[in-house]
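*Asks:* Counting with the UniProt record's numbering, you get residues 1 to 368 for the letters of the sequence shown. Glycine residues also receive a C-beta, built at the ideal position from the N, C-alpha and C atoms. None of these values were measured; they are calculated from a predicted model.
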Amino acid sequence: MEASPFQPGYPRPETRDGVFSREEVALANRNSGILLETLSLDVTPVGLHYLLNHFDVPLIDENDHRLLLDGAFDAPLTLSMQDIRALPQVTERVTLECAGNGREGVSPRSHLMPWMYEAVGTSEWMGTPLAPLLERARPREHVQDFVFTGADFGFDKGHAHSFARSLTPDQIADLEVMLVWGMNGQPLLPQHGAPLRIIVPGWYGMASVKWLTSITALTERFDGYQQKHGYHYRQRSDEAGTPITRILVKSLIKPPGVPDWVTRKRWLVAGPVTLEGRAWSGGGVPIESVEVFLDGVWQEADLTRPKSRYAWTHWQVEWAATPGVHHLICRATDAEGNTQPMQSRFDAAGFGNNSVHRVEVHVSDIPA
Ligand SMILES: Nc1nc2c(c(=O)[nH]1)N[C@H]1C(S)=C(S)[C@@H](COP(=O)(O)O)O[C@H]1N2
Ligand SMILES: [Mo]
Numbered sequence: 001m002e003a004s005p006f007q008p009g010y011p012r013p014e015t016r017d018g019v020f021s022r023e024e025v026a027l028a029n030r031n032s033g034i035l036l037e038t039l040s041l042d043v044t045p046v047g048l049h050y051l052l053n054h055f056d057v058p059l060i061d062e063n064d065h066r067l068l069l070d071g072a073f074d075a076p077l078t079l080s081m082q083d084i085r086a087l088p089q090v091t092e093r094v095t096l097e098c099a100g101n102g103r104e105g106v107s108p109r110s111h112l113m114p115w116m117y118e119a120v121g122t123s124e125w126m127g128t129p130l131a132p133l134l135e136r137a138r139p140r141e142h143v144q145d146f147v148f149t150g151a152d153f154g155f156d157k158g159h160a161h162s163f164a165r166s167l168t169p170d171q172i173a174d175l176e177v178m179l180v181w182g183m184n185g186q187p188l189l190p191q192h193g194a195p196l197r198i199i200v201p202g203w204y205g206m207a208s209v210k211w212l213t214s215i216t217a218l219t220e221r222f223d224g225y226q227q228k229h230g231y232h233y234r235q236r237s238d239e240a241g242t243p244i245t246r247i248l249v250k251s252l253i254k255p256p257g258v259p260d261w262v263t264r265k266r267w268l269v270a271g272p273v274t275l276e277g278r279a280w281s282g283g284g285v286p287i288e289s290v291e292v293f294l295d296g297v298w299q300e301a302d303l304t305r306p307k308s309r310y311a312w313t314h315w316q317v318e319w320a321a322t323p324g325v326h327h328l329i330c331r332a333t334d335a336e337g338n339t340q341p342m343q344s345r346f347d348a349a350g351f352g353n354n355s356v357h358r359v360e361v362h363v364s365d366i367p368a
């Protein structure tokens, strides 16, 4: 019998390094990345933030939308969007990154969304703190997990499920999780989870469930597909692995000069140029330093402290560009002493690749 994607045990297609399959291109057409030229901005404009949607985007009429707090709560709640908007309002600038960002650089590459560098963005997320709302619903003493379920439903490796993720009571106490309805002063767009999502600052994006329909308190551990199977660091795809949580330290260069349309190689006139980019780490840990490899030397960049500990840091460095081909590299270190590796580490699903960003630049004496 032919294998069916709707039956457990369905394998992912084999992937060859360097060659993108039709399925990877189709995923890439749906899940856009940030444009690296917008790295000069503190906040990514709406519509230019990266997207990662596993299934189809649910199109929800916010007037009909309800959020249920159900399961092991003594005071379960059903809230309309009007109820939710009446809660205390906060806005927090948070950098979000997909755990699969950098997958294309991991060898052998796993057959999933083929991100290169661009699955990252920063928004002013508008909403309300989640913890007080959970308290209001009075979780029972033996609650072990809060499950956040989205309205999107589909299959992965033959497993039918709604996209759902969980956080433990300790994680809720540690993390400043927000219930979010706005982005950069506007209502959430459908593709970013309208009308309601959560944002888990400092963690990779998979925890920030979109199109949120329910928060269920469980007195056992949650074993949903995206929690137990998806989003683990693994050396072999059949091992239990380690759950993915915090964002790892990383930095990007805003590519200088102008591109060739098709190859995206960069062209620059010789002379002084200000290089800039962004650096960030997870868990609210600040960036300690960014070094840029220029003409054979690591140069220390100047940093501008971000407004929020969950937002990325701007860096810049002056460079006297001389004619020739240059390979720029940037490398960040965070306040806990974590530094980006020079080479990609292997992960079976290509998660957590925080190796350095490299940009090739062609410098000439004369303007084109
Ligand atoms: N319901 C639901 N929530 C989801 C996802 C999803 O597919 N469905 N994708 C997750 C992943 S893997 C990431 S990286 C972020 C991306 O958020 P964005 O598309 O708003 O940038 O949403 C997360 N929340
Ligand atoms: Mo992601």
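Where residue 38 and residue 275 are concerned, what is the direct C-alpha to C-alpha distance, given to the nearest angstrom?
*Replies:* 13 Å
*Asks:* Would you mind stating whether residue 261 and residue 60 have Cβ atoms separated by less than 8 Å?
*Replies:* no
*Asks:* Less than 8 Å between the CB atoms is what I'm expecting for residue 128 and residue 310, so what's the real figure, rounded?
*Replies:* Between residue 310 and residue 128 the Cβ distance is about 16 Å, and since that is not below 8 Å, they are no contact.
*Asks:* With a threshold of 7 Å (Cβ to nearest heavy atom), would residue 99 be considered close to ligand 3?
*Replies:* For the structure depicted, ligand 3 is absent and the ligand set comprises only ligand 1 and ligand 2.
*Asks:* For residue 25, report the span of its alpha helix (DSSP H) as first-last.
*Replies:* 22-30
*Asks:* If you follow the beta strand (DSSP E) that residue 76 is in, where does it begin and where does it stop?
*Replies:* Note, residue 76: premise wrong, no beta strand (DSSP E); not H, not E.
*Asks:* What ranges does the beta strand (DSSP E) occupy inside the stretch 186-248, keeping only unbroken runs of at least 3 residues that lie completely in it?
*Replies:* 197-199 and 212-218
*Asks:* Quick one: residues in its chain with C-beta nearer than 6 Å to the C-beta of residue 139, no 5 flanking neighbours on either side, listed in chain order?
*Replies:* 73 and 217
*Asks:* May I ask you to check if the CB of residue 150 is nearer than 7 Å to at least one heavy atom of ligand 1?
*Replies:* yes
*Asks:* Could you tell me how far apart the beta carbons of residue 308 and residue 93 are, in whole angstroms, since I believe they sit closer than 8 Å?
*Replies:* 4 Å
*Asks:* Is it the case that the CB of residue 29 approaches a heavy atom of ligand 1 more closely than 7 Å?
*Replies:* Residue 29: no, Cβ never under 7 Å from ligand 1.
*Asks:* For residue 24, does the count of other Cβ atoms within 10 angstroms reach 16, so buried, or fall short, so exposed?
*Replies:* buried
*Asks:* Since residue 40 contacts residue 350 with CB under 8 Å, what's their CB separation in whole angstroms?
*Replies:* Residue 40 to residue 350, Cβ: 28 Å. No contact.
*Asks:* Does the stretch 231-238 come close enough to the stretch 287-303 to have 3 or more Cβ pairs within less than 8 Å?
*Replies:* Judged by Cβ distances under 8 Å, the stretch 231-238 makes no contact with the stretch 287-303, as fewer than three pairs qualify.
*Asks:* Who are residue 126's beta bridge partners in DSSP?
*Replies:* 91 and 182, per the DSSP bridge assignment.
*Asks:* With H, G and I counted as helix, E and B as strand and the rest as coil, what does DSSP make of residue 39?
*Replies:* Correct three-state label for residue 39: helix.
*Asks:* For a minimum of 3 consecutive residues, which ranges assigned as the beta strand (DSSP E) are wholly contained in the stretch 254-341?
*Replies:* Within the stretch 254-341, the complete beta strand (DSSP E) runs of at least 3 residues fall at 266-269, 271-280, 287-294, 297-300, 302-304, 313-321 and 324-334.
*Asks:* Along the alpha helix (DSSP H) that carries residue 173, what are the first and last residues, could you check?
*Replies:* 169-174
*Asks:* Can you tell me which residues form a DSSP beta bridge with residue 251?
*Replies:* Per DSSP, 279.
*Asks:* So, at 8 Å on beta carbons, what are the nonlocal neighbours of residue 6 in its own chain, with the 5 sequence-adjacent residues on each side left out?
*Replies:* 155, 158 and 160
*Asks:* Do the stretch 190-204 and the stretch 167-182 meet, that is, are 3 or more Cβ pairs less than 8 Å apart?
*Replies:* Note that the stretch 190-204 touches the stretch 167-182; at least 3 beta-carbon pairs, one per stretch, sit closer than 8 Å.
*Asks:* I'd like to know whether the C-beta atoms of residue 55 and residue 152 end up nearer to each other than 8 Å.
*Replies:* yes
*Asks:* Rounded to whole angstroms, what's the CA-CA distance from residue 302 to residue 90? Just pull it up for me.
*Replies:* 30 Å
*Asks:* Just the Cα atoms here: how many angstroms apart are residue 240 and residue 107?
*Replies:* For residue 240 and residue 107, the distance between alpha carbons rounds to 21 Å.
*Asks:* My assumption, with CB atoms under 8 Å, is that residue 126 sits in contact with residue 180. Please give the rounded CB distance.
*Replies:* 7 Å
*Asks:* Among 213, 14 and 259, which has the Cα closest to the Cα of residue 362?
*Replies:* 259
*Asks:* Quick one: is the Cβ of residue 282 within less than 7 Å of any heavy atom of ligand 2?
*Replies:* For residue 282, the shortest C-beta to heavy atom distance toward ligand 2 is 7 Å or greater.
*Asks:* From which residue to which residue does the beta strand (DSSP E) around residue 147 run?
*Replies:* 145-156
*Asks:* Near residue 13, what residues of its chain come up, given a Cβ to Cβ distance below 7 Å and the 5 sequence neighbours on each side ignored?
*Replies:* 21, 23 and 111
*Asks:* On the DSSP bridge assignment, give the partners of residue 369 in chain order.
*Replies:* There is no way to answer for residue 369, as the model of the chain reaches only from 1 to 368.
*Asks:* Return the bridge partner residues of residue 355 from the DSSP annotation.
*Replies:* Per DSSP, none; premise fails for residue 355.
*Asks:* From which residue to which residue does the beta strand (DSSP E) around residue 347 run?
*Replies:* No beta strand (DSSP E) holds residue 347; DSSP gives it neither H nor E.
*Asks:* Comparing C-alpha positions only, which one of 298, 331 and 323 sits nearest to residue 313?
*Replies:* 331
*Asks:* Could you tell me the distance, in whole angstroms, from the CA atom of residue 242 to the CA atom of residue 221?
*Replies:* 16 Å
*Asks:* Once the 5 residues before and after residue 118 are set aside, which same chain residues still bring their CB inside 7 Å of it?
*Replies:* 33, 34, 36 and 50
*Asks:* Check the C-beta distance from residue 206 over to residue 192 and give it rounded, since I have them as a contact under 8 Å.
*Replies:* Incorrect: roughly 14 Å between the Cβ atoms, too far for contact.
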